[in-house]
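Have a look at the structure below before the remarks.
There are 2 protein chains.
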Amino acid sequence: MIKKIIAIDMDNVMADIETHLINSYERDFGIRVDRAAMQGIPESEAFPDKKAVWNYVLTPGFFRTVPVMDGAVEAVKKLSEKYEVYVVSAAMEFPQSLIEKHDWLQEHFPFISWKNIILCGDKSVIASDYLIDDHCKNLDFCKGVPLLFSASHNANITKHIRLNNWSEVLSYFSQKDS
Amino acid sequence: MIKKIIAIDMDNVMADIETHLINSYERDFGIRVDRAAMQGIPESEAFPDKKAVWNYVLTPGFFRTVPVMDGAVEAVKKLSEKYEVYVVSAAMEFPQSLIEKHDWLQEHFPFISWKNIILCGDKSVIASDYLIDDHCKNLDFCKGVPLLFSASHNANITKHIRLNNWSEVLSYFSQKDS
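Right, here's the structure in full:
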């Protein structure tokens, strides 16, 4: 039987970019931005210095050192048993991140084959059965079932099935199996 | 009207890897391998030192310095007028090539947006209407019309529509339009 394909975004889904930004900002500016104040606001607008996020994502090492999202490793491993899992990251906007994202995946998700990693720009040409992503710009145009992974910036989005964390992702797919 | 999508492979289609290998081998080993003797033979087997090709593709700078395939720039530019063109390269096997391929495209094909570049492993999840590629491992499993771009190594392949050069690619698509 051909396995169904789940495409999984990296930033704010596998990789906890939000926490990484909050920690980096506190380290560099001495201000810890409250996650409650980030709800429904684009990440780039959520910090007092409006250029900070843009500067961070262009900084060598930023993507290489991002913490793994809670529960992601175990959940992706479990999904890989029944599904063909592809990592699909819109990395091309930040070329310095290409090798960092590859190396980060090698370190934290070594069970994902290089054959199943896609670093791209626009994700609308990826033919998956599901896409787990935190951005409507990707989910609105995906070919499969769009699944919105919660992040502060998407708190007010009411489109798409929302999954708040990796535990809810596993729960969603376990219901598919039964 | 939504443009149809053409996915285009880089190595041996946009980038003349074969010539780059022949030139590199002559430079390093003093032997110029005859293209006629390479017909129907895997590239890695076509040179006296069987490890040479593998070493070259792992060498920093190799992909950054490959010559552009004859006629590719003008043809891709022309195709971009009527089609949505995506560059799709199985670069993930050679991680050091990721940034080199990005930079090479920026230099030689600056009119291709970062949104339309896909560096991946397996190409079977790319939903294009056409795939121009020199390898059956990609063409056999593609979702659109497979178009075999001629290279010495694929000389004996009889599957798929064969296009010998970029002039024939343009001719093929101009007939589609009429």
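Protein chains in written order, with this note's numbering: chain A, 140 to 317; chain B, 140 to 317. Yeah, the Cβ is synthetic: ideal placement off N, Cα and C, and Gly gets one too.
Practice problem: Could you check what DSSP says for B/I296 in three-state terms: helix, strand or coil? | Solution: Within the second sequence, numbered from 1, the residue matching residue 296 of chain B stands at position 157. DSSP places B/I296 in coil when its eight states are reduced to three.
Quiz item: By the criterion of Cβ-Cβ separation under 7 angstroms, what are the contact partners of B/V264 in chain A?
Solution: If you number the second sequence from 1, residue 264 of chain B lands on position 125. Neighbours of B/V264 on chain A, chain order: I144, Y225, I265, A266, S267.
Self-check item: Residues in the segment 240-263 of chain A having any Cβ partner in chain B nearer than 8 angstroms
Solution: H241, D242, S252, W253, K254, N255, I256, I257, L258, C259, G260, D261
Quiz item: What runs of the alpha helix (DSSP H), each 4 residues or longer, lie entirely inside the segment 141-226 of chain B?
Solution: Unbroken alpha helix (DSSP H) runs of no fewer than 4 residues, entirely contained in the segment 141-226 of chain B, are found at 156-168, 191-196, 211-221, following chain order.
Quiz item: Can you tell me whether A/I271 is buried or exposed, with buried defined as 16 or more other CB within 10 angstroms of its CB?
Solution: Stepping through the first sequence from its first residue, residue 271 of chain A is reached at position 132. That one is buried.
Quiz prompt | beta strand (DSSP E) runs wholly inside the segment 224-271 of chain A, at least 3 long, in chain order | solution = 256-258
Exercise. For chain A, find out if any of its Cβ atoms is closer than 8 angstroms to the Cβ of B/P285; answer yes or no.
Key: Against the second sequence, residue 285 of chain B aligns to sequence position 146. Closer than 8 angstroms: no.
Quiz prompt | Interface flag, B/P234 vs chain A, CB-CB below 8 angstroms | solution = For the purposes of this step, residue 234 of chain B is taken as the residue at position 95 of the second sequence. Taking Cβ atoms only, chain A reaches closer than 8 angstroms to B/P234, which makes this a yes.
Quiz item: For B/H247 versus B/L278, is the C-beta distance shorter than 8 angstroms?
Solution: As a position in the second sequence, residue 247 of chain B is number 108, starting the count at 1. As a position in the second sequence, residue 278 of chain B is number 139, starting the count at 1. Here B/H247 is not near B/L278, since their CB atoms are 8 angstroms or more apart.
Quiz item: With C-beta atoms as the reference, is B/S163 less than 8 angstroms away from B/Y195?
Solution: Residue numbering aside, residue 163 of chain B sits at position 24 when the second sequence is read from its first letter. Residue numbering aside, residue 195 of chain B sits at position 56 when the second sequence is read from its first letter. Yes; because the gap between Cβ atoms is below 8 angstroms, this pair is in contact.
Quiz item: Excluding the five sequence neighbours on either side, which residues of its own chain have a C-beta within less than 8 angstroms of the C-beta of B/K189, listed in chain order?
Solution: Here residue 189 of chain B refers to the residue found at position 50 of the second sequence. Within the same chain, B/K189 has close Cβ partners S183.
Quiz item: Rounded to whole angstroms, how far is the Cβ of B/I256 from the Cβ of B/V226, which I believe are closer than 8 angstroms?
Solution: Residue numbering aside, residue 256 of chain B sits at position 117 when the second sequence is read from its first letter. Residue numbering aside, residue 226 of chain B sits at position 87 when the second sequence is read from its first letter. Rounded, the Cβ-Cβ distance is 5 angstroms, consistent with contact.
Self-check item: A/I238 at chain B interface by Cβ criterion, 8 angstroms
Solution: Walking along the first sequence from the start, residue 238 of chain A turns up at place 99. Closer than 8 angstroms: yes.
Quiz item: Between the segment 271-285 of chain B and chain A, which residues of the former have a C-beta closer than 9 angstroms to a C-beta of the latter?
Solution: K282
Quiz prompt | CB-CB length for A/I180 against A/V172, believed under 8 angstroms | solution = The sequence position of residue 180 of chain A within the first sequence is 41, counting from 1. The sequence position of residue 172 of chain A within the first sequence is 33, counting from 1. Not a contact, Cβ separation roughly 10 angstroms.
Quiz item: Taking the alpha helix (DSSP H) that A/N304 falls in, what are its first and last residues?
Solution: Numbered from 1 along the first sequence, position 165 holds the residue referred to as residue 304 of chain A. Counting along the chain, A/N304 falls outside any alpha helix (DSSP H), and DSSP gives it neither H nor E.
Quiz prompt | Nearest neighbour of A/I147, chosen from A/P206, A/G169, A/I251 [CA to CA] | solution = As a first step, residue 147 of chain A is located in the first sequence; it is residue number 8 there, counting from the start. Selected option, being the one with the closest Cα: A/I251.
Quiz item: Who pairs with A/L286 in a beta bridge, going by DSSP?
Solution: The residue labelled residue 286 of chain A in the question sits at position 147 within the first sequence. A/L286 is bridged to A/I271, A/I300.
Quiz prompt | Residue closest to B/S228, alpha-carbon to alpha-carbon, out of B/Y222, B/S236, B/Q178 | solution = Against the second sequence, residue 228 of chain B aligns to sequence position 89. When each option's Cα is compared against that of B/S228, the closest is B/S236.
Practice problem: Grab me the residues of A/K217's own chain with a C-beta within less than 7 angstroms of its C-beta, minus the 5 sequence neighbours each way, in chain order. | Solution: Mapped onto the first sequence, residue 217 of chain A falls at position 78. Once the five neighbours on either side are set aside, the close Cβ partners of A/K217 are L309.
Self-check item: Same chain, Cβ closer than 7 angstroms to B/P206, five either side skipped, listed in chain order
Solution: The residue you call residue 206 of chain B lines up with position 67 of the second sequence. D155, T158, H159.
Quiz item: Comparing the C-beta of A/M231 with each C-beta of chain B, is any distance below 8 angstroms?
Solution: Working through the first sequence from its first residue, we reach residue 231 of chain A at position 92. Yes, because at least one Cβ of chain B sits closer than 8 angstroms to the Cβ of A/M231.
Quiz item: Does the separation of the CB atoms of A/M149 and A/K262 fall below 8 angstroms?
Solution: Residue mapping note: residue 149 of chain A aligns to position 10 of the first sequence, counting from 1. Residue mapping note: residue 262 of chain A aligns to position 123 of the first sequence, counting from 1. The beta carbons of A/M149 and A/K262 sit no closer together than 8 angstroms.
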